[in-house]
Each structure stands twice: as structure tokens, then as C-alpha cells.
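Here the structure comes first, spelled out in C-alpha cells, and everything after it is commentary.
Number of protein chains: 2
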Amino acid sequence: MKNTFDAIFEQAQDAFLSYKHLSGKKKAGFLNEIANGLERIKTKLIPLASSESNLPEGRITGELGRTVGQIRLFEKLIEEGSWVEATIDDGNPKRTPAPKPDIRRMLFPLGPVVVFGASNFPLAFSTAGGDTISALAAGCPVIYKAHPAHPKTSKLVAEVIKEALSVSSLPEGIFIHVEGGIPEGQELVKHPTAKAVAFTGSYYGGMALFELASQREEPIPVYAEMGSVNPVFAFKNKLEIELDNLARSYAASLTLGAGQFCTNPGLIFIPETYAKQFSQAVQSELNEVVEAPMLHEGIAKSYYAALDQFQQRQELDWIKVSEKKDLINSQPAMAKIKAKDWLKDKKFQEEVFGPFALMVVYNDEHELFQIAKKLHGQLTISIWAEEKELQDKLNLISLLEEKCGRLLFKGVPTGVEVGHAMHHGGPFPSTTDSRSTSVGSYAIKRFARPISFQDMPQSLIPEALADSNPLGIWRMVNGEIKK
Amino acid sequence: MKNTFDAIFEQAQDAFLSYKHLSGKKKAGFLNEIANGLERIKTKLIPLASSESNLPEGRITGELGRTVGQIRLFEKLIEEGSWVEATIDDGNPKRTPAPKPDIRRMLFPLGPVVVFGASNFPLAFSTAGGDTISALAAGCPVIYKAHPAHPKTSKLVAEVIKEALSVSSLPEGIFIHVEGGIPEGQELVKHPTAKAVAFTGSYYGGMALFELASQREEPIPVYAEMGSVNPVFAFKNKLEIELDNLARSYAASLTLGAGQFCTNPGLIFIPETYAKQFSQAVQSELNEVVEAPMLHEGIAKSYYAALDQFQQRQELDWIKVSEKKDLINSQPAMAKIKAKDWLKDKKFQEEVFGPFALMVVYNDEHELFQIAKKLHGQLTISIWAEEKELQDKLNLISLLEEKCGRLLFKGVPTGVEVGHAMHHGGPFPSTTDSRSTSVGSYAIKRFARPISFQDMPQSLIPEALADSNPLGIWRMVNGEIKK
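Chains A and B, in that order, are what the protein sequence lines are.
Just so you know, UniProt numbering puts 32 at position 32 of the first sequence, and the rest follows in order with no gaps.
Just so you know, UniProt numbering puts 207 at position 207 of the second sequence, and the rest follows in order with no gaps.
The following block contains the structure:
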């Protein structure tokens with residue numbers, strides 16, 4: 001069967017066979033060129049990305065900083081080199097009844113991978129975003145499918161990556177920029193040479209790719225980060241002390257970037273005693289928020305369609321309604337529902353992409369346990385409680401752990417910190433693979449698999465596994481971690 | 001929807017919520033009880049497993065040793081505790097523009113998992129085998145589906161595990177033994193509480209489970225170790241020096257346990273110059289092999305059916321034919337084919353479960369590259385070459401790396417060493433997940449996912465992440481590996 005992308009994948013596969021053996025230092029040099037290149041063009045890039053995404057320049061400036069920061073993180077990680085999990089079990093030719101072989105294991109890149117750009121992060125989750133960079137860092141060529149919402153930004157960043165390849169004397173097949181819509185995306189995922197897929201976007205988009213990838217002759221992993229309503233659980237003592245502060249930071253997090261962050265806190269659980277006071281406080285904050293343009297008209301349309309649906313529901317009391325004034329701007333909206341009603345329909349758990357929140361009013365601990373059991377998988381869950389107040393909530397916390405990838409005990413889930421300890425993933429349906437993260441240094445592991453070498457001569461062995469440890473990396477040798 | 005196994009999964013889920021927080025030391029104590037229990041009943045267990053599997057007592061004695069050894073490996077791993085990948089990024093409340101949160105990440109168990117027993121390893125890949133033990137070590141309750149080929153052995157081992165739970169004062173829901181056939185297995189995989197599946201067996205069995213698991217409302221990972229023909233690539237200089245030795249060890253590996261090992265070397269590539277001499281040497285070895293009973297009649301039947309199919313093929317020259325004398329015994333068989341014919345039909349890559357080998361005669365390096373490109377994913381590939389001879393084969397080795405999980409430079413692939421560095425997995429179709437291993441300590445990672453805690457009070461934090469490192473484990477703290 002012919003596939004439109006045969007030539008592209010052949011080029012990527014050829015590049016892979018040399019790129020996979022490139023040293024960590026040289027790969028780091030290539031990433032460094034990308035980061036420098038992005039900084040070099042920032043006066044052109046920021047206004048362009050801003051105009052294509054409707055996100056303010058200040059926000060894009062921050063996102064560029066984060067994007068460059070991510071690249072530097074992976075640059076350091078692969079320059080240092082321990083991420084490959086080098087593991088050595090020495091042999092023993094004298095062992096009886098059979099000699100013990102020498103076995104050495106390390107991570108190798110999977111091969112060419114397909115990365116989809118996200119509309120809500122034209123830089124940090126797009127062309128040179130975390131998925132592309134972690135795959136390149138692992139040693140995988142990337143076939144990048146640009147998001148149609150910001151084509152010029154994507155092309156400009158792709159040129160930076162191509163220039164970095166050229167300066168580093170690396171083959172062009174290591175990064176290939178593809179434009180197109182859904183049919184092109186599907187063909188990329190179906191191509192037999194593709195070894196993994198990374199995606200950030202809607203539940204329906206992610207699941208469509210997951211199903212395609214599972215039905216291939218050779219199934220491949222899909223790392224899809226999909227919807228999440230990022231519940232906040234608020235408790236009495238905390239609300240008693242700082243209700244106004246919490247309402248303020250909640251409203252700010254909900255409306256940040258017009259509510260278009262993956263970690264937008266669209267669901268909040270408030271005890272009955274404080275329901276009125278909290279809703280009034282949030283309401284007055286939301287009334288201050290000026291309307292903001294969404295990423296594109298399609299997203300604004302979906303936002304208002306979802307609100308319309310909710311407005312039909314008798315169970316909801318509206319704290320703040322959003323008037324639709326035009327085709328692009330959104331206003332925040334918030335409604336209140338009783339826990340017993342919320343529990344009856346899983347529709348109330350679905351993400352509304354945009355600045356909409358559902359406030360669920362609960363009566364007691366018993367209701368909270370029912371909620372925790374019914375809750376779908378989430379990227380994050382936030383717990384607002386006083387430290388003392390938490391001591392009798394250990395069973396509830398244990399249940400909530402099962403429902404998320406990150407558990408916060410302070411603050412709001414937006415503003416994902418890029419570092420080693422960040423896990424940006426979570427149980428289904430927030431992602432298709434709860435074992436993986438799309439932010440932070442562990443993201444590199446998504447694109448690697450182990451290979452063991454048995455009795456391989458030292459003259460051939462990869463440096464990471466050589467007796468003398470020439471890379472000076474951390475390794476597990478006969479069960480002990482050492483350098 | 002009702003499922004026959006609702007009560008079982010409810011019990012497992014209840015057990016999970018306490019078991020997941022059990023300390024590594026206590027879990028290790030439980031595993032230790034299992035290992036001791038198996039050793040205690042060995043005089044009863046060995047003859048029973050031998051009679052149910054048709055494998056000789058010597059082989060079962062070895063397998064019991066390996067099974068106990070595996071348990072001890074995981075016991076040590078979780079007692080030591082560093083496997084959880086504890087990662088800490090300290091916060092900084094003074095950072096501008098926004099304070100830096102404190103983020104701490106570690107691995108947690110997935111939840112209840114379903115493990116399928118394998119027919120060819122009634123102990124090491126069955127009830128208390130590597131899949132069950134690595135899942136229990138991770139903190140996951142196991143719903144174990146016994147293999148119908150050795151029901152009494154399975155029940156006896158299950159009693160040992162139940163006794164170990166009781167002695168350790170742990171809930172019964174941590175290990176549940178289920179009997180049944182294909183419909184029961186399917187219901188287990190479809191149960192919404194199941195979080196992962198481990199399986200060792202045929203391609204068709206593994207893929208059936210993989211498809212079921214991918215089509216669930218919540219898709220879950222399936223770690224299926226399926227077929228592999230474990231190719232051996234032999235080169236001139238090596239054959240020149242030790243052809244007879246190689247033929248002897250090859251024939252022994254091929255017929256070990258009646259050829260019923262996952263790593264059975266069913267495919268061998270020999271240069272034209274040595275084809276005649278090697279086939280004669282293997283033939284005289286195979287002629288000495290006495291017929292051996294297979295695991296059960298169904299397997300013997302499939303073996304002969306596969307041989308019958310191959311006997312229709314004009315492209316094959318038979319080195320050794322196998323006469324079918326009865327319903328259970330197998331004799332080794334071997335046929336020869338030219339590389340150009342082998343390349344034309346992927347049928348020649350399919351595993352024949354039993355002591356059958358296909359010897360592919362190649363003419364030159366060009367043919368070897370074509371072979372390497374067409375080769376399906378394998379658990380192992382063996383390269384028989386002199387060290388000097390390898391220096392001009394680096395590109396070929398690089399291609400072969402892409403096709404296997406373990407690359408051997410000496411010996412034969414049977415006799416899988418259980419240790420930290422062993423990778424027993426491989427690209428599709430040898431497994432459904434090339435990132436995972438079913439042997440060795442990394443097998444534990446299949447049953448875990450990361451959770452990050454943000455700004456969690458020290459009074460609540462898991463010990464592995466506490467400031468004082470009370471477990472004394474290796475952690476990554478602000479990017480540095482330390483204790």
C-alpha cells in the first residue's frame with residue numbers, strides 16, 4: 001500500500017540509523033542551536049505567534065521563555081547522559097552449572113515518531129515544544145504535523161530547527177515539518193515506519209489517534225494528553241481563614257489565557273457552609289474579568305455551545321453567565337450544582353474548553369467519598385485544607401491519588417513547573433497512557449526502549465555501557481548505583 | 001453491566017487502597033514468605049508440575065530454583081526501595097515573577113492487574129512467576145488466571161501465596177486465583193477495575209487480549225510476550241574456527257525442553273560456503289536427540305500441523321524430518337532455504353512452537369541487509385562472529401538492534417539470565433510493548449505510574465519523598481542523583 005508520506009518516512013528512517021548513535025553531547029549541541037535560534041528570532045516570533053493565536057504578547061513572551069527553558073533542560077539531561085538507565089550485570093565464566101553471561105542494558109530511541117502541535121500553546125506544545133524536543137533528545141527523528149491554527153508560527157520555528165540541523169551537520173530527515181488537516185494526520189499515524197505518536201488536544205482527537213494506532217498491523221504507543229477538569233477540593237478550615245484569597249486565585253487561574261490551559265480548574269468542590277460566600281466572592285472576581293479572544297472561532301463556538309447545553313440543565317444555578325457578543329471573544333461563566341445531582345450524570349465531568357467552572361456543593365465527608373470514587377482520571381487535583389485538617393482525610397487523599405497525575409496542596413494547577421519532578425499526565429481519560437508525562441525531563445522516556453547486549457565485545461559496546469564508564473554517568477552495576 | 005468477576009475486583013480494589021501504602025520492607029517480607037513456602041513444598045510441587053507439563057523433573061527443579069531466585073530479586077529490590085524513582089525539585093517562595101512550588105514525584109502501583117499463566121513455564125511464568133511477583137512487588141493486587149494445562153500445580157502454588165498473605169496479615173484480595181478458559185480470561189480483561197494485563201503465550205492469544213484491552217472504555221496496557229523465532233546470524237570466520245561446537249550448542253538450544261522456550265532459536269542464517277558442512281553437523285546432532293513429550297496434545301498437534309504446511313513448500317530442502325509417531329511426542333525437524341526465497345514470503349518468519357529450525361543460506365552482505373530490513377521484531381538476535389570480523393558489520397548490527405530486545409555475541413538465546421540488566425521483551429510482534437520486560441528487575445516498572453505532589457506538607461509526604469530520606473534510597477534531588 002502506498003502512503004503519501006513514504007518518501008518522508010524513508011528519509012526519517014535513514015536519518016535515524018545514524019542519529020541514534022550520536023553522542024549525548026552532540027545531540028545537546030543541536031538542541032542548543034535550536035534554543036539559540038528561537039531567542040534570536042524572538043522579536044519576529046512573538047508578534048507572529050500572538051497574532052495567530054489571539055494570545056497576548058506578554059503570554060507568548062512567557063511561553064517562549066518556557067519553551068527555551070524546556071530545551072535547555074533536555075540539553076543538560078542528555079549532555080549528562082545518565083537518563084539511559086545503563087545497567088550492567090557482570091558475567092562469570094566459572095559459574096556452574098552454566099557460565100554466567102555478561103549482560104548490559106540501556107535505553108535506545110524508538111525510531112521516527114509523529115508529533116502533533118497543540119493549538120493552545122503555539123510554542124511550548126508545538127513545533128519546538130516539549131514533545132518534539134524530548135523525542136529529539138531521545139534520538140528519535142520527528143515528523144511534525146503543524147497545527148492549522150498557527151501555520152506561520154509553525155513554519156518559522158521549523159526553519160529554526162532546520163537551520164540548527166544544518167549548522168550541526170545533521171541529516172535533514174531528523175526533523176520534517178508537515179502541514180495538513182485530519183486526513184494527513186491519520187496517514188502519518190498509520191505509516192508503518194512510525195514508532196510512536198505524541199498529541200495534546202481534545203478527548204475526541206486523542207482517542208481517534210489512539211484507535212488508529214492500536215489497529216495498525218504493528219500497534220504503536222500514543223501519548224495523548226486530552227481533557228481534564230482539574231478538580232479543586234476545598235475544606236472548611238482553609239476557607240474559614242482565607243476564602244477571599246482563594247476565590248481570587250481561583251478566578252485568576254480559571255480565566256488565565258481565556259481558560260484554555262490543560263490544567264484549567266473547571267470543577268470545584270465547596271462545603272455547603274461556605275457555598276454562598278465563596279460563590280459571591282468568585283462572582284465579584286469574575287465580573288471584573290474583561291472578555292478575551294479565544295484561540296480561534298471554532299473554539300469560541302464550541303465554548304458557547306457547551307454553555308448552551310448546560311443552560312438547559314435544571315440542576316444548575318448560575319453564578320455568572322456569559323453573553324455571546326461576537327464570534328471570537330469569551331466571557332467567564334460559572335454555575336453551581338448540588339453534589340447529589342452532580343453524582344447522577346457524568347456529563348457534569350466533561351471538560352468545557354474555556355473559562356467555565358462548575359461549583360459542586362457538598363454536605364459531608366460521605367458525599368466526598370462518593371465523588372472521589374466517581375471522579376474520572378485527571379491531570380491534577382488540588383486540595384485546599386489546613387495541614388491539621390488533612391490528618392483525618394488520609395483515606396480520601398488515597399482515593400484522590402488514584403484519580404490524578406499531580407496532587408496539589410496549595411495554589412492552583414495552572415502554571416505547570418518544568419523540571420525533573422513534574423508529572424504532567426494522569427489516569428484515563430486525561431491521557432491515553434498514565435505511565436508517561438508530557439512535561440519535565442521524564443518525558444524523554446516515552447521515546448525509548450531498552451536493549452540488552454549479551455557478551456558484547458568491549459570494542460563494540462556503546463560508551464554508556466563500557467567497563468571504564470567513559471561518559472562518567474550513573475549506572476547500576478551488579479545491583480549497585482554508582483558512577 | 002454486570003460482570004461475573006465484580007465481587008473479585010471489588011475485593012482486589014479494597015485491598016489495593018491499603019496495600020499500595022505498605023512499606024517496601026513489609027512487602028518484601030510477604031514475598032519472602034512466598035519464596036520460603038515454595039521451597040517448603042518442593043518435594044510435592046516438582047513431581048506434580050512435571051506430571052502436568054510433561055517436562056522432566058530435572059527441568060522443573062531448575063525452574064523452581066529460577067522462580068525462587070526471581071522472588072528473591074524483587075524482595076531485595078523493594079526492600080532497598082530506590083526503584084520508585086523518587087525525584088525532588090525544591091520550591092523557592094521568593095522566586096519572581098511567581099514563587100516556585102515544591103514538587104516531588106515517585107512511582108505508585110497502577111491498581112489491580114490481571115496476570116495470565118503460561119503453559120511452557122508452569123512455575124517461572126505462572127502462578128508465582130515473574131509477572132505475578134513483579135506486580136505484587138510494585139504494590140498491585142493480582143487477579144491470576146491459571147493456565148488450564150497445569151491446574152493442580154497452579155492451585156498448589158496459589159495456596160502458598162494465600163498462606164503467605166495470611167502469615168503477613170495482609171488482605172486476601174491481594175492475590176486472587178481464578179480458573180477458567182478463554183471466556184473467563186476475556187471477562188477479566190474487560191473488567192473496568194483492571195488496570196493492566198500480563199500475558200505470555202501465542203501471537204494470537206496476545207493480540208486478542210491486546211485488542212480487547214484497547215477497545216475498553218478505559219484502555220489499559222497489555223504486556224504480552226508473544227512469538228519470536230530468535231534468529232542467529234553466523235559469519236565465516238567464526239564458522240571456520242568452531243563450526244562443530246556451534247552446531248552442537250545450536251542443536252541443544254533448539255531441542256531444549258522440546259523446543260518450547262520463548263527464546264528458542266528457530267531461524268539461522270548461514271553463509272553459502274558453510275551451508276553444507278553446518279547442516280550436516282546439526283543433522284548428526286539432531287539425529288541423536290530422543291523424542292520428547294510436548295506440554296500437551298494440542299501443542300503437539302499444532303507442531304505437526306505447522307511442519308505439514310512447510311512440507312508442501314517447494315522452496316525447502318529438508319535436513320531432518322520428524323515422523324509423527326503418537327499424539328504427544330515431538331522429534332526435531334530442520335529445513336534449508338535460500339535467502340532469496342526466504343525473503344519472498346513472511347510465512348517463513350512465523351514461529352513454529354517446538355523443535356523446528358529453518359536454516360537460511362545467504363550469499364553475501366547485500367542479502368543480509370535485505371534480510372535485516374525485512375526481519376520482524378524478535379526477543380533475541382544472536383550474532384556469531386569473530387571480534388575482528390564484526391568491525392565491518394557495524395551498519396548491519398545497527399539494523400539488527402532495531403529488530404530485537406537482546407543482542408547476543410556468543411552462545412545461544414535459551415537460558416534467560418534473571419537479573420537487573422536482562423531485557424526480555426522486544427519490538428512487535430515479539431511483544432505488544434517494546435518498552436517493557438517480563439524478566440529481570442525492570443519488570444516492576446510495568447505496573448507503576450508516576451504521581452507528583454506539589455507543596456505537600458512533610459507530615460503527609462510518602463517516606464520515599466521526605467526531606468530526611470528516612471528510607472536511605474537513591475533519589476534525584478534538584479537534578480542530582482544522591483542518597
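The beta-carbon is built from N, C-alpha and C at its ideal position, and this holds for glycine as well.
Under 8 Å between C-beta atoms of Ser436 of chain B and Tyr223 of chain B: Locating residue 436 of chain B in the second sequence gives position 436, counting from the first residue. Locating residue 223 of chain B in the second sequence gives position 223, counting from the first residue. Yes, the pair counts as a contact, with Cβ atoms nearer than the cut-off.
Run of the beta strand (DSSP E) containing Tyr442 of chain A, from where it starts to where it stops: Residue 442 of chain A sits at position 442 when you count from the first residue of the first sequence. Element bounds for Tyr442 of chain A: n/a, residue is neither H nor E.
Spatially closest choice to Ser330 of chain A from A:Pro355, A:Ala35 and A:Gln215, by CA coordinates: Locating residue 330 of chain A in the first sequence gives position 330, counting from the first residue. Nearest C-alpha to Ser330 of chain A: A:Pro355.
Minimum C-alpha distance to Leu239 of chain A - residue among A:Asn264, A:Glu387 and A:Leu170: If you number the first sequence from 1, residue 239 of chain A lands on position 239. Here the closest residue by C-alpha is A:Glu387.
Simplified DSSP state of Val160 of chain A, which is helix, strand or coil: By one-based count along the first sequence, residue 160 of chain A stands at place 160. Residue state, collapsed to three classes: helix.
Residue-chain proximity (Lys403 of chain B, chain A), Cβ-Cβ < 8 Å: One-based indexing of the second sequence puts residue 403 of chain B at position 403. Output row for Lys403 of chain B: interface = no.
Contact check, Ile103 of chain B vs Met422 of chain A, beta carbons under 8 Å: Along the second sequence, one-based indexing puts residue 103 of chain B at 103. Along the first sequence, one-based indexing puts residue 422 of chain A at 422. A contact, by the Cβ cut-off of 8 Å.
Beta-carbon proximity of Val282 of chain B to Ala251 of chain B, cut-off 8 Å: Taking the second sequence and counting its residues from 1, one reaches residue 282 of chain B at position 282. Taking the second sequence and counting its residues from 1, one reaches residue 251 of chain B at position 251. Taking 8 Å as the Cβ cut-off, Val282 of chain B and Ala251 of chain B qualify as a contacting pair.
At least 3 beta-carbon pairs within less than 8 Å: the segment 130-149 of chain B vs the segment 455-464 of chain A: no
Interface partners of His423 of chain B on chain A, CB under 8 Å: Counted from its first residue, the second sequence places residue 423 of chain B at position 423. Ordered by position in chain A, the residues that pass the 8 Å Cβ test against His423 of chain B are Arg105, Pro450, Ile451 and Ser452.
Cβ of Leu438 of chain B within 8 Å of any chain A Cβ: For the purposes of this step, residue 438 of chain B is identified with residue 438 of the second sequence, where counting begins at 1. Note that residue 438 of chain B corresponds to Ser in the displayed sequence, not to Leu. No, no contact with chain A.
Residue burial classification, Phe369 of chain B (beta-carbon count within 10 angstroms, cutoff 16): The residue labelled residue 369 of chain B in the question sits at position 369 within the second sequence. So Phe369 of chain B ends up on the exposed side.
For Asn54 of chain B, the nearest candidate out of B:Ala149, B:Thr67, B:Gly129 and B:Val84 (CA to CA): As a working note, residue 54 of chain B is residue 54 in the second sequence. Of B:Ala149, B:Thr67, B:Gly129 and B:Val84, the residue nearest in Cα terms is B:Ala149.
Backbone secondary structure at Val229 of chain A - three-state DSSP: The residue labelled residue 229 of chain A in the question sits at position 229 within the first sequence. It is coil, neither helix nor strand.
Strand pairing of Val361 of chain A, partner residues [DSSP]: By one-based count along the first sequence, residue 361 of chain A stands at place 361. DSSP, once it has assigned bridges, lists A:Ile270 and A:Lys338 as partnering Val361 of chain A.
According to DSSP, residues forming a beta bridge with Asn329 of chain A: What you label residue 329 of chain A is simply residue 329 of the first sequence in a count that begins at 1. Paired residue(s): A:Pro293.
Residue range of the unbroken beta strand (DSSP E) whose run includes Arg104 of chain B: The sequence position of residue 104 of chain B within the second sequence is 104, counting from 1. Here the beta strand (DSSP E) through Arg104 of chain B covers Ile103 to Pro109.
Whole-Å CB distance - His191 of chain A paired with Phe348 of chain A, under 8 Å assumed: Indexing the first sequence from 1 puts residue 191 of chain A at position 191. Indexing the first sequence from 1 puts residue 348 of chain A at position 348. Rounded, the Cβ-Cβ distance is 39 Å, inconsistent with contact.
Closer than 8 Å to chain A by CB, Arg406 of chain B: Locating residue 406 of chain B in the second sequence gives position 406, where the first residue counts as 1. Yes, Arg406 of chain B counts as interfacial toward chain A.
Minimum Cβ-Cβ distance from His420 of chain A to chain B less than 8 Å: As a working mapping, residue 420 of chain A is identified with position 420 in the first sequence. Cβ-Cβ to chain B under 8 Å: yes for His420 of chain A.
For Cys404 of chain B, the residue or residues it bridges with in DSSP: As a first step, residue 404 of chain B is located in the second sequence; it is residue number 404 there, counting from the start. Per DSSP, B:Gln378.
Start-end ranges of the alpha helix (DSSP H) lying completely within the segment 47-79 of chain A, minimum 4 residues: none
Classification of Leu394 of chain A by the beta-carbon crowding that lies within 10 angstroms, buried from 16 upward: Counted from its first residue, the first sequence places residue 394 of chain A at position 394. Counting Cβ neighbours within 10 Å, Leu394 of chain A comes out exposed, since fewer than 16 surround it.
Bridge partner(s) assigned by DSSP for residue 486 of chain B: This structure leaves residue 486 of chain B out entirely; chain B is present only between 1 and 483.
CB of Thr263 of chain A within 8 Å of CB of Ser228 of chain A, strictly: For the purposes of this step, residue 263 of chain A is taken as residue 263 along the first sequence, with counting starting at 1. For the purposes of this step, residue 228 of chain A is taken as residue 228 along the first sequence, with counting starting at 1. For Thr263 of chain A and Ser228 of chain A, yes; Cβs fall inside 8 Å.
Member of A:Ser441, A:Gly411 and A:Gly440 whose CA lies at the smallest distance from the CA of Met456 of chain B: Stepping through the second sequence from its first residue, residue 456 of chain B is reached at position 456. Ranking A:Ser441, A:Gly411 and A:Gly440 by Cα distance to Met456 of chain B puts A:Gly411 first.
Endpoints, the alpha helix (DSSP H) within which Arg216 of chain A is located: Sequence index remark: in the first sequence, residue 216 of chain A carries index 216 (1-based). Element bounds for Arg216 of chain A: n/a, residue is neither H nor E.
Alpha-carbon spacing of Pro171 of chain A relative to Ile143 of chain A, whole angstroms: To locate residue 171 of chain A, count along the first sequence from 1; it is residue 171. To locate residue 143 of chain A, count along the first sequence from 1; it is residue 143. Roughly 13 Å separates the two Cα atoms.
Where Gln260 of chain B sits in the DSSP three-state scheme: Within the second sequence, the letter at position 260 stands for residue 260 of chain B. Coil.
Closest Cα partner of Leu45 of chain B within the set B:Ile60, B:Glu323, B:Asn36 and B:Arg446: As a working mapping, residue 45 of chain B is identified with position 45 in the second sequence. Answer by Cα proximity: B:Ile60.
Residues bridged to Ala448 of chain B (per DSSP): Here residue 448 of chain B refers to the residue found at position 448 of the second sequence. DSSP output for Ala448 of chain B lists B:Pro109 as bridge partner(s).
Separation of Tyr442 of chain A from Val477 of chain B, as counted between CA atoms: Along the second sequence, one-based indexing puts residue 477 of chain B at 477. Along the first sequence, one-based indexing puts residue 442 of chain A at 442. Near 14 Å, if we compare the C-alpha coordinates of Tyr442 of chain A and Val477 of chain B.
Residues of its chain near Val321 of chain A, where Cβ-Cβ distance is below 7 Å and the 5 sequence neighbours each way are ignored: Stepping through the first sequence from its first residue, residue 321 of chain A is reached at position 321. Result list for Val321 of chain A: Ala333, in chain order.
Which of helix, strand or coil DSSP assigns to Gln458 of chain B: Working through the second sequence from its first residue, we reach residue 458 of chain B at position 458. Coil at Gln458 of chain B, not helix or strand.
Glu80 of chain A versus Gly440 of chain A - alpha carbon distance: Your numbering for residue 80 of chain A matches position 80 in the first sequence. Your numbering for residue 440 of chain A matches position 440 in the first sequence. Cα-Cα distance, rounded: 16 Å.
Amino acids of chain B, ordered along the chain, whose beta-carbon sits closer than 8 Å to that of Gly415 of chain A: Within the first sequence, numbered from 1, the residue matching residue 415 of chain A stands at position 415. Result: Ala98.
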